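Take a look at the structure below.
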Amino acid sequence: MNDFYDAPAFRKATREELPEIMNLFADATRHMDELGIPQWDERYPTADDISEDLAHNELYVGIIHGAIACSFTLNPRCDPEYADASWLYPSLNHSVIHRLCVHPDFQSQGVAKQAMHFVESTLRSNGVQVVRLDAFSRNPYALRLYERLGYQKIGEVTFRKGVFYFYEKRL
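Encoded structure:
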């Protein structure tokens with residue numbers, strides 16, 4: 010049995026898609042607020058954050074039936090707080106996934122799981138050995154996703170919105 014609905018087609022985002030991507034983040038933020046997950050707001054992520062990802066050619070989208078179902082950023086850069094984490098594989102080539110976001114219309118359809126499989130496959134084919142990320146401690150959906158996919162929680166950090174957990178997985 011297929012545990013997915015329609016599979017997204019993943020690719021790099023384009024400048025023309027920026028307004029739709031920003032709407033995705035706004036809709037997802039409202040939805041998370043309704044669920045009691047105060048992870049994002051008007052201060053983060055901003056259009057400047059997303060535009061910078063786009064300018065560095067690091068912003069990806071997942072498309073279903075012509076609509077942007079999800080977005081994420083993939084690069085080797087970490088917030089400064091990552092330097093203090095006790096990473097399991099500090100000497101291995103790594104990449105970081107940032108701002109994985111699924112539009113509420115496409116949630117509970119396996120889109121985030123498929124995005125993570127795409128990320129891992131893409132990184133493996135580019136010789137990257139480790140994936141790192143942080144996840145909001147009050148977002149049970151994200152925590153469950155990463156843990157089911159074999160990511161190991163290796164520590165935590167406090168950002169403006171609260172405690173976030175560091176996760177790492179060797180590919």
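Using the numbering used here, the first residue of the sequence shown is number 10, and each one after it goes up by one.
Backbone N, C-alpha and C fix where the C-beta goes; we use that ideal spot for every residue, glycine too.
Predicted model, so just to flag it, every value in this text is computed and none were measured.
Considering only C-alpha positions, which residue in the set the options is nearest to residue i?
{"i": "HIS112", "options": "ASP50, TYR155, VAL70", "result": "VAL70"}
{"i": "GLN118", "options": "THR167, LEU83, TYR150", "result": "TYR150"}
{"i": "ASP93", "options": "VAL166, LYS178, ASP15, CYS110", "result": "VAL166"}
{"i": "HIS107", "options": "GLU61, ILE73, ILE72, ARG147", "result": "GLU61"}
{"i": "ARG86", "options": "ARG52, ASN135, ASP36, VAL105", "result": "VAL105"}
{"i": "ASN84", "options": "GLY75, HIS40, ASN135", "result": "ASN135"}
Excluding the 5 residues preceding and the 5 following residue i in the sequence, name in chain order all residues of the same chain whose CB lies nearer than 6 angstroms to its CB.
{"i": "TRP49", "result": "THR38"}
{"i": "HIS103", "result": "VAL139, ARG141"}
{"i": "TRP158", "result": "The identity of residue 158 in the sequence shown is Leu, whereas the question assumes Trp. Result list for LEU158: MET125, in chain order."}
On the DSSP letters alone, give me the boundaries of the beta strand (DSSP E) that residue i sits inside.
{"i": "LEU180", "result": "Where LEU180 is concerned, there is no enclosing beta strand (DSSP E), given that its DSSP letter is neither H nor E."}
{"i": "GLN118", "result": "Where GLN118 is concerned, there is no enclosing beta strand (DSSP E), given that its DSSP letter is neither H nor E."}
{"i": "ILE163", "result": "161-168"}
{"i": "TYR69", "result": "68-73"}
{"i": "ALA78", "result": "76-84"}
{"i": "ARG39", "result": "ARG39 -> not in any beta strand (DSSP E); alpha helix (DSSP H) instead, spanning 27-43."}
{"i": "ALA18", "result": "18-21"}
Leaving aside the five residues before and after residue i along the sequence, list all residues of the same chain whose C-beta is less than 8 angstroms from its C-beta, in chain order.
{"i": "SER24", "result": "For clarity, residue 24 is Arg in the given sequence; the question names Ser instead. Contacts found: LEU63."}
{"i": "ARG133", "result": "LEU180"}
{"i": "ILE30", "result": "ALA22, ILE59, LEU68, VAL70, ILE77, SER80"}
{"i": "LEU154", "result": "ALA121, LYS122, MET125"}
{"i": "ASN148", "result": "MET41, ILE46, GLN48"}
The alpha helix (DSSP H) spanning residue i covers which residue range?
{"i": "ALA2", "result": "Not covered by the structure: residue 2. The range shown for the chain is 10 to 180."}
{"i": "ILE182", "result": "Given a span of 10 to 180 for the chain in the structure shown, any question on residue 182 remains unanswerable."}
{"i": "ALA151", "result": "149-157"}
My understanding is that residue i touches residue j, with C-beta atoms under 8 angstroms, so please give their C-beta distance in whole angstroms.
{"i": "GLY164", "j": "SER95", "result": "6 angstroms"}
{"i": "LYS170", "j": "PRO47", "result": "6 angstroms"}
Mind checking whether residue i and residue j have CB atoms under 7 angstroms apart?
{"i": "TYR98", "j": "ALA144", "result": "no"}
{"i": "PHE127", "j": "ALA78", "result": "no"}
{"i": "THR3", "j": "LEU68", "result": "Nothing about residue 3 can be reported from this structure: the residues present for the chain run from 10 to 180 only."}
{"i": "ASP15", "j": "ILE73", "result": "yes"}
Under 7 angstroms Cβ to Cβ from residue i, same chain only, skipping five residues before and after it: list those, please.
{"i": "LEU33", "result": "ILE77, SER80, CYS110, HIS112"}
{"i": "THR131", "result": "none"}
{"i": "ASP12", "result": "At ASP12, the pLDDT of 48 sits below 50, so the modelled position is not reliable; the number obtained from the coordinates is stated separately. For ASP12, where only same-chain residues beyond five positions count, the Cβ hits under 7 angstroms are GLY119."}
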